[in-house]
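Here is the structure we will look at.
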Amino acid sequence: MALGEDHFMYFEGSDEIGHFMFWNEGKKSGPAVYTQSDLDTYTHILYLDVPPQEIVKRRLDDPGRDRSHVSINHVQRWVEAEKQMLRDLCYRNNILFCAVTSNVIP
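For the numbering used here, count along the sequence shown from 1 and bump the result up by 4.
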């Protein structure tokens, strides 16, 4: 496949650019929201691994949306669950997965 034909999906912690899962605090887990078409389309997934404290701050500072409060501990579990599920799905579907932290971005 030529580079021009590659398809990318970006995730930024629990504050998604693309959506992978939703997980309400107090629930045992959250549902993943992807389709077989997603798995057939994307060749690369870049997960922007933002610290949980930053995600909580961004949610609280978002004037455009009414977001419920979530704890840093919950966001940390959410992020780790997303990354693990994405790694597994990507491996099984021949999709390249990379978690990128802010210290890697210049």
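Where a beta carbon is used, it is the ideal one built from N, C-alpha and C, also for glycine.
In this structure, the beta-carbon distance from Asp53 to Ala85 does not fall below 7 Å. For Thr39, the secondary structure class from DSSP, reduced to helix, strand or coil, is coil.
Note on Leu90: 16 or more other CB atoms within 10 angstroms of its CB, so buried under the neighbour-count rule. When DSSP states are grouped into helix, strand and coil, Ile99 belongs to the coil group. The Cβ atoms of Ile99 and Tyr46 sit closer than 7 Å to each other.
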